[in-house]
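Heads up: the sequence shown runs through residues 1 to 237, numbered per UniProt numbering.
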Amino acid sequence: MDELESDDALVYLVDDCQDYDSDMDSIHTTSSEATVHTMSTLTSDAVIDYFHEINGRMFPTDENIPALFPTDHAEVHRLELQHLELKVLLKGNYFGPAKEVLERNEGERRKRVLDLLTADGTWVREMAAEFPHVDFTSVDIVPLVPHIRAANILSYEVYDFYNGIAESDETFDIVHIRHAMSKIRDLPALIMEVHRVLRPGGLFLYGEYQNNGFDASTPDHSAATTAPYLIQTYHPY
Numbered sequence: 001m002d003e004l005e006s007d008d009a010l011v012y013l014v015d016d017c018q019d020y021d022s023d024m025d026s027i028h029t030t031s032s033e034a035t036v037h038t039m040s041t042l043t044s045d046a047v048i049d050y051f052h053e054i055n056g057r058m059f060p061t062d063e064n065i066p067a068l069f070p071t072d073h074a075e076v077h078r079l080e081l082q083h084l085e086l087k088v089l090l091k092g093n094y095f096g097p098a099k100e101v102l103e104r105n106e107g108e109r110r111k112r113v114l115d116l117l118t119a120d121g122t123w124v125r126e127m128a129a130e131f132p133h134v135d136f137t138s139v140d141i142v143p144l145v146p147h148i149r150a151a152n153i154l155s156y157e158v159y160d161f162y163n164g165i166a167e168s169d170e171t172f173d174i175v176h177i178r179h180a181m182s183k184i185r186d187l188p189a190l191i192m193e194v195h196r197v198l199r200p201g202g203l204f205l206y207g208e209y210q211n212n213g214f215d216a217s218t219p220d221h222s223a224a225t226t227a228p229y230l231i232q233t234y235h236p237y
């Protein structure tokens, strides 16, 4: 089959994770120096290898992904609704001083945003439209949906995070992640990587589930006390 293009954006498979620290002056505006030499175009034929069926729903094939939710069309619809809910709750796509961090500074470098676990891509598309003077990079661990082209979304990339984020030190002004605990086993290591790729004064936007469990026989007591091993499923850290 053809590559994932036409009206859709190309999706790139990052083949390896090396030492991505480099001279920051050498980073191109069209793509990061960290990934430009290690990416290949992900074809339609290769996408199916990322998924397998369990009880009628599609899940990631990679056993290192602690997937609590399916990765199929029904899940995409749920993510779209969830995005709308969060947008209403936050009164926008971000909280904190994000607008100030991304403010245009004439004559200076273009600001950059990294969206990790981009899922259906709604957040990064809306942010790219709101901040056309900012460059965005979108990364996920599976190719969940075809993405839409945008001039300032430099690339949609797919790779695991076991060996780190495939970007140079102090590259991004904002890093955004939602619901990493359902997809990433070593969350503290990922947060350390976020710290590495953020520029001084950069902003980390992170949203996570706040779940709890209760034993039906003792509903007045949290599972943290009645079933401590169960609660580790929700809060492993």
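Cβ atoms here follow ideal geometry from the backbone N, Cα and C, with glycine treated the same way.
In three-state DSSP terms, what is residue i?
i: LYS111; result: strand
i: SER182; result: helix
i: LEU102; result: coil
i: HIS147; result: coil
i: THR137; result: strand
i: VAL88; result: helix
i: residue 275; result: Because the chain is modelled from 1 through 237, residue 275 falls outside the range shown and cannot be assessed.
i: LEU205; result: strand
With respect to the alpha helix (DSSP H) encompassing residue i, which residues constitute its N-terminal and C-terminal limits?
i: ILE191; result: 187-197
i: THR61; result: Segment: none, THR61 is in no alpha helix (DSSP H) and carries neither H nor E.
i: LEU117; result: No alpha helix (DSSP H) holds LEU117; DSSP gives it neither H nor E.
i: THR122; result: 122-130
Measure the C-alpha to C-alpha separation of residue i and residue j and round it to an integer number of angstroms.
i: GLN82; j: GLY56; result: 22 Å
i: ASN93; j: ILE48; result: 31 Å
i: HIS52; j: GLU170; result: 37 Å
i: LEU187; j: TYR206; result: 12 Å
i: GLY123; j: LEU86; result: Checking the sequence, you will find Trp at residue 123 rather than Gly. Their backbone Cα atoms lie some 11 Å apart in a straight line.
Taking the beta strand (DSSP E) that residue i belongs to, which residues open and close that run?
i: LEU154; result: 153-158
i: GLU53; result: 51-54
For residue i, does the count of other Cβ atoms within 10 angstroms reach 16, so buried, or fall short, so exposed?
i: ASP220; result: exposed
i: ILE54; result: exposed
i: GLU63; result: exposed
i: LEU84; result: exposed
i: SER217; result: exposed
i: THR61; result: exposed
i: LEU90; result: exposed
i: GLY96; result: exposed
Can we say the segment 174-181 touches the segment 98-115, given the rule of at least three CB pairs closer than 8 Å? Contact holds between the segment 174-181 and the segment 98-115, because three or more Cβ pairs, one in each stretch, are under 8 Å apart.
Are the segment 126-144 and the segment 158-170 touching by the rule of at least three beta carbon pairs closer than 8 Å?
-> yes
Discussion item. For the structure I just gave you, are there three or more beta carbon pairs, one from the segment 116-133 and one from the segment 146-163, closer than 8 Å?
Written reply: Segments in contact, yes.
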